[in-house]
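Comments concern the structure below.
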Ligand code: NCD
């Protein structure tokens with residue numbers, strides 16, 4: 009093992025276990041990217057840096073308290089797809105940091121009058137925002153838009169490709185509950201094929217040294233599963249055995265063309281997370297779901313509401329902290345006091 013590998017591994021372990029800020033090698037910025045378009049390609053140290061920064065905001069994000077370091081900066085939320093928690097939490101995050109936040113209602117905009125994505129990008133760019141948060145139904149649309157603007161762009165979910173802030177908030181939730189990410193066994197269950205949440209989580213958990221299982225019927229598993237370095241299971245019984253974390257996913261019907269499961273009833277029977285299936289996991293298993301939840305389809309109410317295991321509400325809370333961290337980190341070059 010080379011020195012570099014050794015250093016990476018030590019940092020990865022330390023970062024996964026403690027909330028202390030990660031320090032990059034001298035002269036290198038801890039997060040040297042203009043945008044956050046995906047988790048794929050981020051180094052473990054960069055992920056740890058975002059999580060550590062978010063940790064600093066978790067639990068203490070009171071709107072009235074503390075400084076507002078991003079006062080005077082503008083954040084535009086451009087959502088081409090429906091959203092409840094992601095949009096709200098980006099807006100709250102920006103406001104808590106003092107930003108001027110504007111959320112763009114696509115249904116009421118010129119986009120419905122035939123304007124192209126790139127024309128929209130140029131129009132928004134001319135308004136000189138500092139951060140653009142974008143959700144779009146097509147994989148790759150957010151990266152395309154990022155090429156046309158001069159500000160930081162955060163991907164809030166593009167098609168079935170990536171949803172980086174969801175994976176970060178999931179990681180922060182796990183790290184706070186379990187004290188680490190490295191070495192944990194995480195089962196991601198349900199509609200993997202259409203899920204950007206699954207994809208971002210797989211990249212993040214792999215980078216941080218967790219063991220990843222995907223549990224789904226063959227019709228809901230992407231063809232490139234092998235390339236993603238995950239263990240594949242078709243039965244909840246095997247997939248959940250002794251795992252530390254179970255992440256449940258909704259059937260993403262809006263991205264399906266045709267029927268991928270015979271019926272929701274049958275899907276629930278085989279893949280719905282019920283107390284008896286959960287009993288296969290470790291006694292201290294953590295149950296997660298990015299929302300929106302479909303009770304009685306991918307998860308039983310008894311499991312979703314069981315606070316001994318469910319971290320679903322905490323995920324939403326960590327979402328604000330993670331988004332504050334991302335807005336903070338991506339605007340540091342604009343704040344002379346923070347320029348690293
Ligand atoms: C997810 C999304 O939009 O990809 N939701 C979210 O951001 N909280 C998952 C989903 O819609 O099922």
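Residue numbers (the numbering used here): 9 to 348.
Where a beta carbon is used, it is the ideal one built from N, C-alpha and C, also for glycine.
C-alpha gap between residue i and residue j, whole angstroms
{"i": "residue 229", "j": "residue 34", "result": "42 Å"}
{"i": "residue 234", "j": "residue 217", "result": "17 Å"}
{"i": "residue 191", "j": "residue 133", "result": "43 Å"}
{"i": "residue 29", "j": "residue 43", "result": "Residue confidence for residue 29 is low, a pLDDT of 48 falling below 50, so the modelled location carries little weight and cannot support an answer."}
{"i": "residue 343", "j": "residue 89", "result": "32 Å"}
{"i": "residue 180", "j": "residue 205", "result": "15 Å"}
{"i": "residue 189", "j": "residue 332", "result": "21 Å"}
{"i": "residue 305", "j": "residue 197", "result": "12 Å"}
{"i": "residue 175", "j": "residue 182", "result": "10 Å"}
{"i": "residue 278", "j": "residue 245", "result": "10 Å"}
{"i": "residue 108", "j": "residue 80", "result": "7 Å"}
{"i": "residue 290", "j": "residue 276", "result": "22 Å"}
{"i": "residue 310", "j": "residue 280", "result": "12 Å"}
{"i": "residue 138", "j": "residue 226", "result": "43 Å"}
{"i": "residue 220", "j": "residue 55", "result": "17 Å"}
{"i": "residue 169", "j": "residue 142", "result": "13 Å"}
{"i": "residue 210", "j": "residue 131", "result": "35 Å"}
{"i": "residue 323", "j": "residue 95", "result": "15 Å"}
{"i": "residue 184", "j": "residue 60", "result": "11 Å"}
{"i": "residue 249", "j": "residue 255", "result": "14 Å"}
{"i": "residue 300", "j": "residue 258", "result": "7 Å"}
{"i": "residue 341", "j": "residue 58", "result": "16 Å"}
{"i": "residue 173", "j": "residue 243", "result": "29 Å"}
{"i": "residue 193", "j": "residue 252", "result": "5 Å"}
{"i": "residue 160", "j": "residue 135", "result": "14 Å"}
{"i": "residue 106", "j": "residue 76", "result": "5 Å"}
{"i": "residue 166", "j": "residue 208", "result": "11 Å"}
{"i": "residue 87", "j": "residue 201", "result": "22 Å"}
{"i": "residue 163", "j": "residue 224", "result": "26 Å"}
{"i": "residue 313", "j": "residue 325", "result": "16 Å"}
{"i": "residue 186", "j": "residue 178", "result": "12 Å"}
{"i": "residue 203", "j": "residue 52", "result": "22 Å"}
{"i": "residue 84", "j": "residue 335", "result": "12 Å"}
{"i": "residue 260", "j": "residue 91", "result": "13 Å"}
{"i": "residue 129", "j": "residue 140", "result": "10 Å"}
{"i": "residue 212", "j": "residue 93", "result": "21 Å"}
{"i": "residue 151", "j": "residue 62", "result": "24 Å"}
Residue range of the unbroken beta strand (DSSP E) whose run includes residue i
{"i": "residue 302", "result": "Counting along the chain, residue 302 falls outside any beta strand (DSSP E), and DSSP gives it neither H nor E."}
{"i": "residue 328", "result": "No beta strand (DSSP E) contains residue 328, which is instead part of the alpha helix (DSSP H) from 320-338."}
{"i": "residue 231", "result": "From DSSP, residue 231 is part of no beta strand (DSSP E); its letter is neither H nor E."}
{"i": "residue 241", "result": "239-241"}
Beta-ladder partner(s) of residue i, from DSSP
{"i": "residue 255", "result": "196 and 296"}
{"i": "residue 140", "result": "84 and 161"}
{"i": "residue 2", "result": "Residue 2 cannot be examined here, being either before or after the span of the chain that is shown, 9 to 348."}
{"i": "residue 110", "result": "84"}
Limits of the alpha helix (DSSP H) - the one that residue i falls within
{"i": "residue 100", "result": "93-104"}
{"i": "residue 207", "result": "204-215"}
{"i": "residue 182", "result": "172-186"}
{"i": "residue 221", "result": "Unbroken run through residue 221 is the beta strand (DSSP E), 219-223; no alpha helix (DSSP H)."}
{"i": "residue 54", "result": "52-65"}
{"i": "residue 125", "result": "125-134"}
{"i": "residue 277", "result": "272-279"}
{"i": "residue 151", "result": "149-156"}
{"i": "residue 244", "result": "244-247"}
{"i": "residue 310", "result": "309-312"}
{"i": "residue 284", "result": "283-286"}
The ligand SAM heavy atom lying under 8 Å from the CB of residue i
{"i": "residue 320", "result": "By its list of ligands, the structure shown excludes the ligand SAM, since it contains just the ligand NCD."}
Cutoff 9 Å: residue i Cβ touching any chain E Cβ
{"i": "residue 270", "result": "Reference to chain E is not applicable here, since this structure consists of a single protein chain."}
Which residues, in chain order, sit with a beta-carbon under 7 Å away from any heavy atom of the ligand NCD? Per the Cβ criterion, the list is 91, 93, 94, 165, 171, 174, 203, 204, 205, 257, 258, 260, 298, 299 and 300.
Using 8 Å as the cut-off, can you tell me whether the region 92-105 makes contact with the region 48-64, which would need three or more C-beta pairs spanning the two stretches below that distance? They do not touch, by the three-pair rule.
Would you say the region 280-293 touches the region 138-158, given that touching needs at least three Cβ pairs under 8 Å? Segments in contact, no.
At a cut of 8 Å, does the region 264-276 reach the region 311-321 through at least three beta carbon pairs? Because the criterion of three Cβ pairs below 8 Å is not met, the region 264-276 and the region 311-321 do not touch.
Could you tell me whether the region 291-309 touches the region 151-158, using the rule of 3 or more Cβ pairs below 8 Å? Because the criterion of three Cβ pairs below 8 Å is not met, the region 291-309 and the region 151-158 do not touch.
Touch check for the region 290-301 and the region 261-268: three-plus C-beta pairs under 8 Å? Short answer: they don't touch.
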